[in-house]
Amino acid sequence: MASSTTAAGRHFCFLLALLLLSATAHGQLSKTFYAASCPPLDQIVRDEVSRALFRDPPPLGGRRMGASLLRLFFHDCFVQGCDASVLLDVDVTKGILLSEKDAGPNANSLRGFEVVDAIKSQVEAACPGVVSCADILALATREAVVALNGTTWPLLLGRRDSRTANQSQANSDLPSPGSNLDTLIAAFARKGFTATELVALSGAHTVGLAHCVNVDQSQMQRCRVPTADGLMAALDDQTPERFDSAYYDKLGKRGLLRSDRVLTSRPDLDAQVRSYSASEAAFFADFASAMKKMSEVGVLTGANGEVRAYCRRIN
């Protein structure tokens, strides 16, 4: 009994230490972190994201890049936290022997790196050595959702960039498009998210395309969007260029991916899906709350990490 009590005490102390560390990190973040050190930051991000999204005519055109930035941010935050580790290239001289870009869930599918590069280049010209790549990716993601007629969310700034990448964690922690509900819930729970937050965050699939190899067999007829990567399918075939709640309409039957369709297989989550289908405002409110939480997962602040001069390699 004494041994069990001691173990429980150690577990409690470990959780308390994690909470205090998280609180300390978040305490160093601020909405106005760059207000004095880089006043043009927001406008630079807004202009570059708009240029990336609206340079090509519909259908889809550049709008697909908005979904790509959102996915890039998600895949960054799920591995080591929101630290821009996903942006790093292999660089043996800097100790980056494996990149997260080359992990199974990311290889030949992540996009948006050049948008982050373009923003970083302009920011460095205006405010050298000040703004992290992690903050740039967070800002660009929010701007992309807003530009596609979606919602916004409070975004605290002051992240630092990691000096490491973790390909093995990318392979193990990023959920697959073929995941069942239990696997999805467990993957999100490991990052501190509830099942209801999983359903809200899955609404990111209201925009963007999916490779046909990932498409549920019942939806293969939707693989008719020609791209440089071959035929793809719109995740939301009703309003593929607009960030809205149409993704949730008849999701159990129309969901493009298995990981979409299974969200309706539990009664309480099915009710949540139906509530979002009926009320875009309800979806926007919950998505915004979950994205704010996502943006603060595992952030580095202060002396932890660095501000990279170039987002693809450490200083």
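Residue numbers (mature numbering (1 follows the signal peptide of the UniProt record, and there is no 0)): -27 to -1, 1 to 288. Every residue gets a Cβ at the ideal spot worked out from N, C-alpha and C, and that includes glycine.
Query: Exposed or buried, MET193, counting other C-beta atoms within 10 Å across all chains shown (16 or more means buried)?; Result: exposed
Query: Where does GLU170 fall in DSSP's three states?; Result: helix
Query: Secondary structure at LEU110, three-state DSSP: helix, strand or coil?; Result: helix
Query: The alpha helix (DSSP H) spanning LYS156 covers which residue range?; Result: Reading the sequence as shown, one finds Thr at residue 156 and not Lys. Per DSSP, THR156 belongs to the alpha helix (DSSP H) from 154 to 162.
Query: What's the gap between the Cα of PRO150 and the Cα of GLY225?; Result: 15 Å
Query: Taking the alpha helix (DSSP H) that ALA255 falls in, what are its first and last residues?; Result: 253 to 268
Query: Counting Cβ pairs, one atom from each stretch, are 3 or more of them under 8 Å apart for the region 87 to 96 and the region 230 to 246?; Result: no
Query: Where do the N-terminal and C-terminal ends of the beta strand (DSSP E) with MET38 fall, by residue?; Result: Not the beta strand (DSSP E): MET38 falls in the alpha helix (DSSP H), residues 37 to 50.
Query: What are the boundary residues of the alpha helix (DSSP H) that GLY203 is part of?; Result: Careful: GLY203 lies outside any alpha helix (DSSP H), inside the beta strand (DSSP E) at 203 to 207.
Query: Return the Cβ separation of LEU147 and ALA263 in integer angstroms, given the expectation that the two are a contact with Cβ distance under 8 Å.; Result: Between ALA263 and LEU147 the Cβ distance is about 17 Å, and since that is not below 8 Å, they are no contact.
Query: Quick check on this structure: which residue in ALA107, GLU269, VAL118 has the alpha carbon closest to the alpha carbon of VAL59?; Result: ALA107
Query: Can we count GLY151 as close to the ligand ADP, meaning its CB is less than 8 Å from some heavy atom?; Result: Ligands displayed in this structure: none; no statement on the ligand ADP is therefore possible.
Query: Since residue 289 and LEU110 are thought to touch, with beta carbons under 8 Å apart, how far apart are those beta carbons, to the nearest angstrom?; Result: The chain is shown from -27 up to 288; residue 289 falls before or after that span and cannot be answered.
Query: Considering only the alpha carbon of each residue, which of ALA159, LEU112, GLN211 lies closest to GLY181?; Result: GLN211
Query: Beta-carbon within less than 7 Å of ALA91's beta-carbon, same chain only, minus the 5 sequence neighbours each way: which residues are those?; Result: GLU21
Query: Consult DSSP for PRO240 and reduce its assignment to one of helix, strand or coil.; Result: helix
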